Amino acid sequence: MLEKESGFVNSRGQHIFTRSWMPETGLHGLIFLLHGLGEHSGRYSHLATVLTNAGFGVLAFDHHGHGKSAGRRADIQKFDHFVDDARQFIEEQSQALPGLPRVILGHSMGGVIALKCALQFHAYFAAMVVTAPAIKVGGDISPFLQKIAGLVATIAPRLPVEKIDTSFISRDPEIVRQYETDPLIFHGKVCARTGARLLAAGAEVAARLHKIELPFWVGHGTADRLIDPQSAQWLHERARSTDKTLRLYDGLAHEILNEPEKHAILQEIVAWLEKRIV
Numbered sequence: 001m002l003e004k005e006s007g008f009v010n011s012r013g014q015h016i017f018t019r020s021w022m023p024e025t026g027l028h029g030l031i032f033l034l035h036g037l038g039e040h041s042g043r044y045s046h047l048a049t050v051l052t053n054a055g056f057g058v059l060a061f062d063h064h065g066h067g068k069s070a071g072r073r074a075d076i077q078k079f080d081h082f083v084d085d086a087r088q089f090i091e092e093q094s095q096a097l098p099g100l101p102r103v104i105l106g107h108s109m110g111g112v113i114a115l116k117c118a119l120q121f122h123a124y125f126a127a128m129v130v131t132a133p134a135i136k137v138g139g140d141i142s143p144f145l146q147k148i149a150g151l152v153a154t155i156a157p158r159l160p161v162e163k164i165d166t167s168f169i170s171r172d173p174e175i176v177r178q179y180e181t182d183p184l185i186f187h188g189k190v191c192a193r194t195g196a197r198l199l200a201a202g203a204e205v206a207a208r209l210h211k212i213e214l215p216f217w218v219g220h221g222t223a224d225r226l227i228d229p230q231s232a233q234w235l236h237e238r239a240r241s242t243d244k245t246l247r248l249y250d251g252l253a254h255e256i257l258n259e260p261e262k263h264a265i266l267q268e269i270v271a272w273l274e275k276r277i278v
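Each residue of the sequence shown is one higher than the one before, counting from 1 in this note's numbering.
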């Protein structure tokens, strides 16, 4: 596997940090990875290893305000800035590596970004993979804060309002420990504006799921307390796609690709991709 770090300047003048993992031989397709809120692309090296072993190149970037990219930490001024950056990155990488099928893969907030990409420029992609798409937040996120998020975001956009309970991330204590000690992860409270923008983006995507046409695989843990598993069910039920797979994993937490069962799940994803891409 060949790993490379680089970057680009987005349309708003911010430096965006990028990573790529490529197989040494036999490149079958490109997978564009979109990470979740507060984290960074470096947490997906184990996923990249599995995918590159199967002949897929994995390309990722740290969203603005995340990881090694520029921007105020975990502050979403406009959700579509994420989509703009994704489109720029995908276009630039596709020009550098032409003629290969492209797959978009997103987790949590990254899943919503992936869905918005699929809605806005679906012709770019041969397929989509999403895990725990943040369409509907879980019941453990304060219902009161959800109701007043828009108002608070208008009055005090940077007011810290909610901190992620790290025990909700995974049932694997080592994953939780790594998350808690990772200096590139945002460990503070999510500000009101970020919460409001994320809720609004989820609601917008929910209303347009019937327009999704790409072949897709969606996976969700039934014990996810951050994002309601109904999100994955909505996507599967409402999407226009004729080729769609829903996998609900009983008892698994938010990050199904960081659960003890991750190896089996990754092999499922690879098998699904190989039937459609290779």
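Ideal Cβ positions, reconstructed from N, Cα and C, are used throughout, including at glycine.
Bear in mind the structure is a predicted one, so any value in this text is a computation, not a measurement.
Burial state of Asn53 (16 or more Cβ within 10 Å)
Under this definition Asn53 is an exposed residue.
Check Ala54 in the structure and name its three-state DSSP category.
Of the three classes helix, strand and coil, the one that applies to Ala54 here is coil, per DSSP.
Just the Cα atoms here: how many angstroms apart are Ser170 and Glu180?
If you take the alpha carbons of Ser170 and Glu180, they lie about 12 Å apart.
Would you list the residues sitting across from Ala114 in a DSSP beta bridge?
Bridge partners of Ala114 according to DSSP: none are assigned.
Please state the DSSP three-state secondary structure of Glu255.
It is coil, neither helix nor strand.
Using the rule of at least 16 other Cβ atoms within 10 Å of the residue's Cβ for burial, across every protein chain shown, is Thr18 buried or exposed?
The residue in question, Thr18, is buried, as its Cβ has 16 or more Cβ neighbours within 10 Å.
In terms of residues, what are the limits of the alpha helix (DSSP H) holding Tyr179?
Secondary structure note for Tyr179: its alpha helix (DSSP H) is the uninterrupted segment Pro173 to Thr181.
Looking at C-alpha atoms only, which residue of Gly251, Val176 and Leu209 is the closest neighbour of Gly111?
Distance check between Gly111 and each of Gly251, Val176 and Leu209 places Leu209 closest, using alpha-carbon atoms only.
I'd like the span of the alpha helix (DSSP H) that includes Leu214, first residue to last.
Element bounds for Leu214: n/a, residue is neither H nor E.
Should Arg193 go down as buried or exposed, given a rule of 16 or more other Cβ atoms within 10 Å for buried?
Buried, since its Cβ has 16 or more Cβ neighbours within 10 Å.
Top-ranked residue by Cα proximity to Ala223, from Ile212, Glu255 and Trp234:
Comparing Cα positions, the closest option is Glu255.
Apart from the five residues on each side of it in sequence, which residues of its chain come closer than 6 Å, Cβ to Cβ, to His64?
If we look at His64 and ignore the five residues flanking it on each side, its Cβ neighbours are Gln14 and Gly71.
Close-in-space but distant-in-sequence residues of the same chain around Ser167 (CB under 8 Å, 5 per side omitted):
Closer than 8 Å at the Cβ level, and outside the excluded window around Ser167, lie Val176.
Element boundaries [alpha helix (DSSP H), containing Arg238]:
Looking at the DSSP string, the run of the alpha helix (DSSP H) that includes Arg238 is Gln230 to Arg238.
What does a CB cutoff of less than 6 Å around Leu226 pick up in its chain, not counting 5 residues either side in sequence?
For Leu226, same chain residues with a beta-carbon under 6 Å away, outside a window of 5 residues either side, are Gly138, Phe168 and His254 in chain order.
Touch check for the stretch 41-53 and the stretch 114-133: three-plus C-beta pairs under 8 Å?
Two segments are said to touch when three or more pairs of C-beta atoms, one from each, lie closer than 8 Å; by this definition the stretch 41-53 does not touch the stretch 114-133.
Contact between the stretch 27-35 and the stretch 95-107: three or more CB pairs below 8 Å?
Flag = yes, the stretch 27-35 and the stretch 95-107 touch.
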